[in-house]
Every structure is written in structure tokens, then in C-alpha cells.
Amino acid sequence: MRSARRARAFRKVALGALGIAGFLITWQLIPTFGILDARFFPPPTEVLARLASDLRDLEFWRNIGRTMTAWAIGLAIATVLAVVLGTIIGLVPFLRKATHTTVEFLRPIPSVALIPLAILMFGLRIEAALVIVVYATFWQIFVQVLYGVADVDAVARDTAKSFGLPRAHRIRYLILPTALPYLMTGLRLGATVALILAVTAELTIGNPGLGRAIVVAQSAGDYVRVYALVIVTGILGLIINLVFRFIERRSLSWHQSVRGEEVL
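The opening position of the sequence shown corresponds to residue 24 in the working numbering, with each subsequent residue numbered one higher.
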């Protein structure tokens with residue numbers, strides 16, 4: 024069993040490495056054969072060399088820290104709000120019905136549409152970026168929590184009430200285990216969305232971070248650095264997804280969705 028699991032893990036890593044190699048080779052051939060102008064689509068050899076050079080630049084790491092700070096604060100605020108409101112609304116049928124139309128109206132509004140309002144309220148500061156980060160991330164988690172709380176088995180809920188189980192115990196032993204898989208999915212999706220909006224805010228609002236560094240490099244015509252920074256944002260997104268996926272698997276090791284993955 025353990026050897027089969029190792030073989031599957033090795034196969035995943037090998038296929039992933041093969042896919043990356045194929046992507047880099049294709050990227051290298053496009054400017055080499057003149058399909059796209061190498062001035063605006065530099066080959067990966069130049070981009071990766073610039074990235075290696077940036078790794079020794081302290082300002083590069085400061086920009087990563089600024090972006091990740093906005094990401095972390097925005098994700099934390101959105102998570103707290105989504106869990107509290109999602110649980111309260113999900114537990115009260117009247118509130119769920121009363122807020123349904125409002126939620127369906129607010130949820131599709133693009134968070135970038137709030138950028139002018141955020142700038143008016145907070146100027147070119149991190150608070151303006153947090154407005155759109157929190158707004159976009161909140162809905163990802165809130166909807167999942169709402170579905171999770173509503174998915175509690177009716178027979179189990181009625182049985183718990185008939186036996187006089189206190190509300191705190193019902194939340195801990197019935198609602199939380201049911202809603203936890205939904206919450207973890209929402210967190211994983213929300214973490215990625217928070218990073219996207221953190222970089223987007225820096226691109227449009229101009230607060231310091233990787234997004235602003237990309238704009239500065241583009242304005243200076245340093246397209247190699249633009250691609251290098253874009254790769255960094257992609258790597259950060261991959262790391263965040265892997266970390267939250269690991270947390271999800273650990274916290275839901277008892278759940279059939281994770282146990283089913285391990286069996287396959």
C-alpha cells in the first residue's frame with residue numbers, strides 16, 4: 024500500500040516536471056523562431072536569469088513582503104467575517120431567506136469596480152487594496168460556509184434537539200464537522216483570489232508591492248523583468264494553493280473525500 028502511494032506520488036511529480044519542461048521549451052522556441060518579437064516576448068533563459076538576479080535584491084523581497092502582507096490581512100478579515108455571518112445566517116432560516124436576494128445581487132459585482140471608491144475613501148494606501156481583497160475573498164468563503172451549515176442532516180439535527188443537546192454542543196459536534204469541508208474549500212479558493220486581488224490592487228491603485236513593481240518595469244520598457252515578476256506571482260499562487268491543500272487534507276483526514284483520494 025505504501026509503495027503504491029509512493030509510486031503515485033512519484034508519477035505525479037514526474038508528469039508535473041515533464042509539463043513544465045514542455046512549457047519552457049515551447050516558450051523558448053517561440054521567440055527563437057521569430058513567431059513573436061523577442062523584445063516583447065523574451066525567452067525563458069533571459070527571464071529566469073533576471074529572476075535569479077532579482078533574488079539578490081532586497082527591494083524584491085520587500086515587494087513580496089508587501090504583497091503577502093496585504094494578502095494575509097485581507098484573507099484574515101474576510102475569513103472572520105464570512106465564518107461569523109455565514110454561520111449566523113445559515114442557522115436561521117428567516118435570515119437565509121431574507122438575505123438571499125441581497126447576496127445574489129452583491130456577489131457578482133466585480134471587486135475591481137470598487138477601486139475608485141476605495142481610492143476616494145483611503146487614497147493610495149494599503150487600506151484601499153484591502154477593500155477589494157476582502158470583498159472578493161469574502162464571497163468565496165461566505166457562500167461555502169452558508170452551504171455547509173445548510174447541509175446538516177435533518178434527522179441528525181432533529182435527534183440532537185430531541186435529546187436536549189445544548190446549542191454549543193450541536194455546533195461543535197454536528198454543524199462544525201458538516202461545514203468544515205465546505206469551509207476548507209472556501210479558504211483554499213479564497214486564498215488564491217486574495218492573492219490575485221492583492222496584485223491587481225497594486226497594479227491599479229499603485230500601493231507598493233509586486234503589482235506596482237510590474238507597472239514600473241513596464242513603464243521603463245524592462246519587459247524581461249515584467250515576465251520575471253509575473254512568474255513570481257505565479258509561484259506564490261502555486262505555493263499558497265499547495266499549503267492550503269495540505270492543510271485541507273490534514274484537517275479533513277477523517278472525511279470520505281480525502282480518504283477516497285488516498286484509496287484511489
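Note that the Cβ used here is the ideal one computed from N, Cα and C, for glycine as well.
What's the C-alpha gap between valine 239 and arginine 148?
-> 17 angstroms
Go through the region 216-259 residue by residue and report every complete run of the alpha helix (DSSP H) that reaches 4 residues or more, in order.
-> 233-242
For serine 274, which three-state DSSP category applies?
-> Correct three-state label for serine 274: helix.
Is it true that the region 238-258 meets the region 182-202, where meeting means three or more beta-carbon pairs spaced less than 8 angstroms apart?
-> no
When we look at the beta-carbon of isoleucine 48 and count the other beta-carbons within 10 Å, is it buried (16 or more) or exposed?
-> So isoleucine 48 ends up on the exposed side.
Any heavy atom of the ligand NAP within a distance shorter than 7 angstroms of the CB on isoleucine 132?
-> Inclusion of the ligand NAP in the displayed structure is not the case, the ligand content being empty and no account of it being possible.
Taking Cβ to Cβ, would you say glutamine 51 is nearer than 8 angstroms to proline 65?
-> no
Integer Cβ distance of alanine 221 from tryptophan 94, believed to fall under 8 angstroms = 5 angstroms
Taking the Cβ atom as the reference point for each residue, do glutamine 163 and leucine 104 lie within a distance shorter than 8 angstroms?
-> No, these two residues do not count as a Cβ contact at 8 angstroms.
For the alpha helix (DSSP H) that contains aspartate 77, what are its first and last residues?
-> 67-77
Boundaries (first-last residue) of the alpha helix (DSSP H) holding leucine 81 = 81-114
With 16 other CB atoms within 10 Å as the buried threshold, where does tyrosine 196 fall?
-> Result: exposed.
Under three-state DSSP, which class holds proline 189?
-> coil
To the nearest angstrom, report how far apart aspartate 245 and isoleucine 138 are at their CA atoms.
-> 27 angstroms
Measure the CB-CB distance between glycine 234 and valine 168 and report whether it falls below 8 angstroms.
-> no
Go ahead and pull the three-state DSSP assignment for arginine 130.
-> Arginine 130: coil per DSSP, three-state reduction.
Within 10 angstroms of the Cβ of arginine 248, are there 16 or more other Cβ atoms? Answer buried if so, exposed if not.
-> buried
Grouping DSSP H, G and I as helix and E and B as strand, with all else coil, what is arginine 119?
-> Helix.
Can you tell me whether serine 134 is buried or exposed, with buried defined as 16 or more other CB within 10 angstroms of its CB?
-> It is buried - the Cβ of serine 134 has at least 16 other Cβ atoms within 10 Å.
Buried versus exposed, by CB contacts within 10 Å (16 or more), threonine 125 = Per the 10 Å Cβ criterion, exposed.
Could you say which of Ala72, Ala75, Phe267 and Ile100 lies nearest to threonine 160 if we only look at CA atoms?
-> Ile100
Run the CB neighbour count on isoleucine 198, radius 10 Å, all protein chains shown included, and call it buried at 16 or more, exposed below.
-> buried
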